[in-house]
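**Student:**
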Amino acid sequence: MGSYKIAIIEGDGIGKEVMAQALRILRELEQLEPEISFQLEQLDWSSDYYLEHGRMMPENWRDILMPQDAILFGAIGDARVKDEVTIWELIMPIRKEFRQYINYRPVQSLPNIASPLEDKTGINFSIFRENAEGEYSNSGGRMFKGESSEMAIQNTIMTRKGIERITRAAGEYARKHGKCKVTSATKSNAIIHTNTLWDECVERVMREEFPELELESYYIDALAAYFVQRPKSFEVVLASNLFGDILSDLGSGIVGGLGLSPSGNINPEKDYPSMFEPVHGSAPDIAGLGIANPIAQIWSAALLLEHIGETEVAGKVINAIQAVLEENRVLTKDIGGQATTEEMGTAIIEKLNAQYT
Ligand code: NAD
Ligand code: MN
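Those letters in the sequence shown? Residues 1 to 357, per full-length UniProt numbering, in order.
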């Protein structure tokens, strides 16, 4: 219980639309929980900001974000600005410089949500994606642009420390939540330098620090197939930055789509603020129509509440989302209905209130 400082970066496209609903939820919680209040710092960092200022964030962005308890982020991406600018000048610096080395993405079956899988119930696992190094590095370069000899090099950087800490995070989560098994994604048969280091570090940390947990390791290509064939057999999935990115969209796909999938970029030591955001992007194809599903954003806000210690309240927000889906009345277009973004927000607020009466 207390007063929390939260930075709000809504970003572009549907980021703005879904964030508006998450903010309604936070305001509602302040009414429902008299001991909780939020000091929201609304930041207009976005592609519009870039077009005006020539950068995605002001120079003193660290000073602005550092005193916050957490950051709630929407999505960015705009046809007028290159994707590598929006990503590398906003999301990446925050993730990397604030040592948000865990990207946590829950994957779970939800009531009444269509899935491409025949047997779609009972899926419940969490992906721990390494979020600070790995394949997403800006080391490398391009040469001889436009010539027939044109070439590009992109280095993957993996460190013992980086692999050990994400493994530890996955193991600790498994232990805390009564899970028995951690599944590691690798490609050490082909990517022989970085991925053998990955395998060795994962294996050592699991053996020495989590002897009671089973460790299984699969090549990423096979694991992608198993995600579709037997998703219920996974409990905690541990993966590098790139593999984890792809697996989490796949995970999202098998349980109902991007509109429902939250994530956290977490610095567990709390030396720096952590950032919570939906897995989806700015969805330019539906931006401005008011039909985006706000569930991924609202669920991300729930993960934020959990991170700042408001576990019970976070649970109530997730219950409210599940109650709306259970009722199967208010559905946005992506999950087979006609409801607007705002109507979905209202439905979740009603189910939130119902838990306080
Ligand atoms: P996207 O997630 O924006 O959209 C993929 C598909 O999912 C689209 O058809 C979209 O309409 C649908 N969708 C996504 N979220 C939805 C929601 N809440 N409700 C209903 N439908 C939803 O991915 P994309 O099309 O590959 O990328 C679009 C832009 O977003 C690009 O500029 C990309 O760089 C950016 N992007 C940003 C982030 C981020 O901010 N973290 C993540 C991914 C993509
Ligand atoms: Mn992604």
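Using N, Cα and C, we set each Cβ at its ideal position, and we do this for glycine too. Predicted, not measured: the structure shown is a model, and the values here were computed from it.
Measure the beta-carbon distance from Y101 to E130 and round it to whole angstroms, keeping in mind my assumption that it falls under 8 Å.
**Tutor:** Sequence index remark: in the sequence shown, residue 101 carries index 101 (1-based). Sequence index remark: in the sequence shown, residue 130 carries index 130 (1-based). Confirmed, about 7 Å.
**Student:** If you compare alpha carbons, which of M158, G256, E216 and R27 is closest to T194?
**Tutor:** As a working mapping, residue 194 is identified with position 194 in the sequence shown. Cα-wise, what sits closest to T194 is M158.
**Student:** Buried or exposed: N265, going by 16 or more other Cβ atoms within 10 Å of its Cβ?
**Tutor:** Residue mapping note: residue 265 aligns to position 265 of the sequence shown, counting from 1. With 16 or more Cβ atoms within 10 Å of its Cβ, N265 is classed as buried.
**Student:** Mind reading off the beta-carbon distance from I76 to G11? Whole number of angstroms is fine, and I expect it under 8 Å.
**Tutor:** As a working note, residue 76 is residue 76 in the sequence shown. As a working note, residue 11 is residue 11 in the sequence shown. With a Cβ gap of about 4 Å, I76 and G11 count as contacting.
**Student:** Does the structure place the region 135 to 153 close enough to the region 205 to 212 that three or more beta carbon pairs sit under 8 Å?
**Tutor:** Touching, no, given that fewer than three Cβ pairs across the two stretches are closer than 8 Å.
**Student:** Taking 8 Å as the cut-off, is the beta-carbon of S248 closer than that to any non-hydrogen atom of ligand 2?
**Tutor:** Sequence index remark: in the sequence shown, residue 248 carries index 248 (1-based). Yes - ligand 2 has a heavy atom lying nearer than 8 Å to the Cβ of S248.
**Student:** When you measure from the CB of V107 to every non-hydrogen atom of ligand 1, does any distance come out below 8 Å?
**Tutor:** Indexing the sequence shown from 1 puts residue 107 at position 107. No, the beta carbon of V107 sits no closer than 8 Å to any heavy atom of ligand 1.
**Student:** Evaluate D83 with the Cβ neighbour count: other Cβ atoms within 10 Å of its Cβ, from every protein chain shown; 16 or more gives buried, anything less gives exposed.
**Tutor:** Indexing the sequence shown from 1 puts residue 83 at position 83. Flag for D83 reads exposed.
**Student:** Out of curiosity, what's the CA-to-CA distance linking T340 and M19?
**Tutor:** Reading the sequence shown from its first residue, position 340 is the one you call residue 340. Reading the sequence shown from its first residue, position 19 is the one you call residue 19. Whole-angstrom Cα-Cα distance: 14 Å.
**Student:** Which residue marks the beginning of the beta strand (DSSP E) containing G244, and which one marks its end?
**Tutor:** Counted from its first residue, the sequence shown places residue 244 at position 244. G244 -> not in any beta strand (DSSP E); alpha helix (DSSP H) instead, spanning N241 to I254.
**Student:** Between the C-alpha atoms of F128 and R142, what's the straight-line distance to the nearest angstrom?
**Tutor:** Within the sequence shown, the letter at position 128 stands for residue 128. Within the sequence shown, the letter at position 142 stands for residue 142. If I take the Cα positions, the gap works out to 31 Å.
**Student:** Using a threshold of 9 Å, state whether the C-beta atoms of M74 and I14 are closer than that.
**Tutor:** The residue given as residue 74 occupies position 74 in the sequence shown. The residue given as residue 14 occupies position 14 in the sequence shown. Here the sequence assigns Gly to residue 74, which means Met is not the residue at that position. Closer than 9 Å, so yes.
**Student:** Answer yes or no: the CB of N241 versus the heavy atoms of ligand 3, is any distance below 8 Å?
**Tutor:** By its list of ligands, the structure shown excludes ligand 3, since it contains just ligand 1 and ligand 2.
**Student:** Give the DSSP-derived three-state secondary structure of S92 in the structure shown.
**Tutor:** As a position in the sequence shown, residue 92 is number 92, starting the count at 1. The amino acid at residue 92 is misidentified as Ser; the sequence shows Met. The answer is helix: DSSP assigns M92 an H, G or I state.
**Student:** Hey, would you say E41 sits closer than 9 Å to Q21, going by beta carbons?
**Tutor:** If you number the sequence shown from 1, residue 41 lands on position 41. If you number the sequence shown from 1, residue 21 lands on position 21. Contact flag unset, no.
**Student:** Between V279 and ligand 2, is the CB less than 8 Å from at least one heavy atom?
**Tutor:** Within the sequence shown, the letter at position 279 stands for residue 279. It does: the Cβ of V279 is within 8 Å (strictly closer) of some heavy atom of ligand 2.
**Student:** Give the C-beta separation of L32 and V255 to the nearest angstrom, bearing in mind that I take them to be a contact with Cβ-Cβ under 8 Å.
**Tutor:** Taking the first residue of the sequence shown as 1, we reach residue 32 at position 32. Taking the first residue of the sequence shown as 1, we reach residue 255 at position 255. In fact, because the Cβ distance is near 28 Å, the residues do not count as touching under 8 Å.
**Student:** Please name the residue, chosen from V279, E52, P284 and S274, that lies closest to I298 on a Cα-to-Cα basis.
**Tutor:** Against the sequence shown, residue 298 aligns to sequence position 298. Among V279, E52, P284 and S274, the Cα nearest to that of I298 is on V279.
**Student:** Kindly examine ligand 2 and report whether one of its heavy atoms sits closer than 8 Å to the Cβ of D12.
**Tutor:** As a first step, residue 12 must be located in the sequence shown, where it is residue number 12. Incorrect: D12 has no Cβ contact closer than 8 Å to ligand 2.
**Student:** Find out if the Cβ-Cβ distance for the pair A323, K351 is shorter than 9 Å.
**Tutor:** Taking the first residue of the sequence shown as position 1, residue 323 is located at position 323. Taking the first residue of the sequence shown as position 1, residue 351 is located at position 351. Yes, these two residues count as a Cβ contact at 9 Å.
**Student:** Whose CA, out of V107, Q108, H53 and L117, lies closest to the CA of E89?
**Tutor:** Position 89 of the sequence shown, counted from the start, is the residue given in the question as residue 89. Among V107, Q108, H53 and L117, the Cα nearest to that of E89 belongs to H53.
**Student:** Below 9 Å between beta carbons: does that hold for L72 and M57?
**Tutor:** Counted from its first residue, the sequence shown places residue 72 at position 72. Counted from its first residue, the sequence shown places residue 57 at position 57. In this structure, M57 does not lie closer than 9 Å to L72 by Cβ.
**Student:** When the Cα of R230 is compared with those of V81, E118 and Y49, which residue comes out closest?
**Tutor:** To locate residue 230, count along the sequence shown from 1; it is residue 230. Taking only the C-alpha atoms, the option nearest R230 is E118.
**Student:** Would R160 be called buried (16 or more neighbouring beta carbons within 10 Å of its own) or exposed?
**Tutor:** Mapped onto the sequence shown, residue 160 falls at position 160. By the neighbour-count rule (16 or more Cβ atoms within 10 Å), R160 is not buried but exposed.
**Student:** Please go through the same chain and pick out, in chain order, the residues whose beta-carbon is closer than 8 Å to the beta-carbon of S137, but skip the five residues on each side of it.
**Tutor:** To locate residue 137, count along the sequence shown from 1; it is residue 137. The residues are Q154, N155, T156 and I157.
**Student:** With a cut-off of 8 Å on the beta carbons, I'd call L238 and I286 a contact; round off their distance for me.
**Tutor:** One-based indexing of the sequence shown puts residue 238 at position 238. One-based indexing of the sequence shown puts residue 286 at position 286. 33 Å between Cβ atoms; not a contact.
**Student:** Could you name the residues that DSSP lists as bridge partners for I266?
**Tutor:** In the sequence shown, residue 266 corresponds to position 266, counting from 1. Looking at the DSSP assignment, I266 forms a beta bridge with I102.
**Student:** How would you label N328, buried or exposed, when you count the other beta carbons within 10 angstroms and need 16 or more for buried?
**Tutor:** Walking along the sequence shown from the start, residue 328 turns up at place 328. It counts as exposed.
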